[in-house]
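Taking it in order: structure first as structure tokens, then the write-up.
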Amino acid sequence: MTILVQFAIGLLFGLGLIVSGMSNPAKVLNFLDLGGIPAGTWDASLALVMAGAVAVTFAGFRHVLKLARPFFAERFYVPTRSDIDSKIIVGPAIFGIGWGLAGFCPGPALTALGFGSTSAVIFVAAMCAGMVLARVIAQLQSATRIAAPVHPLES
Amino acid sequence: MVATSFTPIASLLGGAMIGLSAILLMWATGRIAGVSGIAARLFPPYEDGEFAGRLAFVAGLIAAPVLVRLVTGSLPVQTIAAGTPMLIVAGLLTGFGAVWGSGCTSGHGVCGLSRLSVRSLVATITFMATGVATVFVIRHWS
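Sequences listed follow chains A and B, in order.
My numbering puts the first residue of the first sequence at 19, with every later residue one more than the last.
My numbering puts the first residue of the second sequence at 267, with every later residue one more than the last.
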């Protein structure tokens, strides 16, 4: 039952990507192309996708997060961190470069698989490799940190 | 480059659907609808027992265009300009950066901004900036 519900929610997300036009990398790239403003080729659509999504989510989260617990789970898993470390800048900086190169971010890339596009298969395969690599490096780093004895004065 | 036209109504409507999906996922599972986080956790190490649910969400994403084609008989235009080497480099950077930065356009951009998260605001401004810079270099410097 939960799995069916999650499938339906993913389906709605994917339909939103298609309706909004974000499943088309050309539209995304034409939004990121601020140099296209003087030429009149700039496509502002992505700003409205974000505006629509954030407005609806902001209103909905306020109600949902007041519930005692989620419908199918024990508790809410909402991130609580608020510190600004290097990873929260370096990661998105790298992500943005990849996004600007092809016009794909993870959601639209996965949805593009259903368009039957070979390019999407290549992109998603590379994206998954990149994801696994980041997780492996992060894990090696935390393993090293635990293994290294902490000097009493530094702790 | 391929010209596209401004689609305010469709983009607002589609954005609202994405937002509704994020609300429903939070309501049902208590989780953030961050596609990179969901996709990355389809690979080991597995920290919780949520594999099947995440796979179902991703299957839903992939099924969306299949459903559109079944119902309407066609799909909207999709133009992918990047060639294979560029797609590989872009995919690696996108996947690595999204996991390294704990989120992508959906996790930070939609869910994080909606929670007024400062980390997500920093992340969103950063990937928007490097995305714009990258397209600028490719289209206007070469």
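Every residue gets a Cβ at the ideal spot worked out from N, C-alpha and C, and that includes glycine.
Secondary structure at residue 100(A): coil, using DSSP grouped into helix, strand and coil. Chain-order list of chain B residues neighbouring residue 84(A): empty, with the shortest C-beta distance near 11 Å, by a criterion of under 9 Å.
Below 8 Å, enough C-beta pairs join the segment 373–384 of chain B and the segment 65–78 of chain A to call them touching: three or more. No Cβ of chain B is located within less than 8 Å of the beta carbon of residue 160(A).
For residue 108(A), the uninterrupted alpha helix (DSSP H) segment begins and ends at 105–120. CA-to-CA, the gap between residue 330(B) and residue 128(A) works out to about 10 Å. Taking the Cα of residue 25(A) as reference, the smallest distance to any Cα among 291(B), 275(B), 396(B), 282(B) is reached at 291(B). The beta carbon of residue 19(A) sits no closer than 8 Å to any beta carbon of chain B. Nearest neighbour of residue 274(B) by Cα position, chosen from 37(A), 118(A), 83(A), turns out to be 37(A). Shown here for residue 35(A): same chain residues with a beta carbon closer than 7 Å to its own, the five before and five after excluded, namely 41, 125, 126, 129 in chain order. In the DSSP assignment, residue 400(B) falls within the alpha helix (DSSP H) that extends over 384–406. For residue 112(A), the chain B residues whose C-beta falls within less than 7 Å of its own C-beta are 359, 362, 363, 366, listed in chain order.
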